[in-house]
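What follows is a set of notes on a single structure, which appears directly below.
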Amino acid sequence: MTWDGIVTKYNKSHLKRLEIHMNVKAYIQSIVLKKTVETISFDRQRGLEALMGLIMRSEMHEEPTPPLKEAKREEDGAKNLKPKNNTPLISQGGSFNNINEELDLE
1 MTWDGIVTKY
11 NKSHLKRLEI
21 HMNVKAYIQS
31 IVLKKTVETI
41 SFDRQRGLEA
51 LMGLIMRSEM
61 HEEPTPPLKE
71 AKREEDGAKN
81 LKPKNNTPLI
91 SQGGSFNNIN
101 EELDLE
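Residues in the sequence shown are numbered consecutively from 1, following full-length UniProt numbering.
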């Protein structure tokens, strides 16, 4: 049975027996609602704080590239070049014969 089901089932009988006025009932409901919202927001805030702490710890453990290493690479003239692929794909109209001929020319 859900919470709503329990409240609906027992609410009227307890209200009559305890002789609780409707304005008191509304006040109690507002307090319960306020506490529920506070609990949810605190739980979310704690979750976000934990997540931020985890992110901060992981960022602290990253090792940045030292600037001296980068400057040395620039002085050496090292470049990142991708090898050129001249081989035509068979799906683009090339054939095995064309590939062999091009390899012989190089």
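Heads up, the beta-carbon is just placed ideally off N, CA and C, and yes, glycines get one too.
These numbers come from a predicted model, not from an experiment.
Measuring straight from C-alpha to C-alpha, what distance separates Leu51 and His21? 45 Å
Going by the beta-carbon positions, is the gap between Lys25 and Leu15 smaller than 8 Å? yes
CA-CA distance, Lys9 and Arg17? 14 Å
Between the CA atoms of Asn11 and Glu38 - distance to the nearest angstrom: 24 Å
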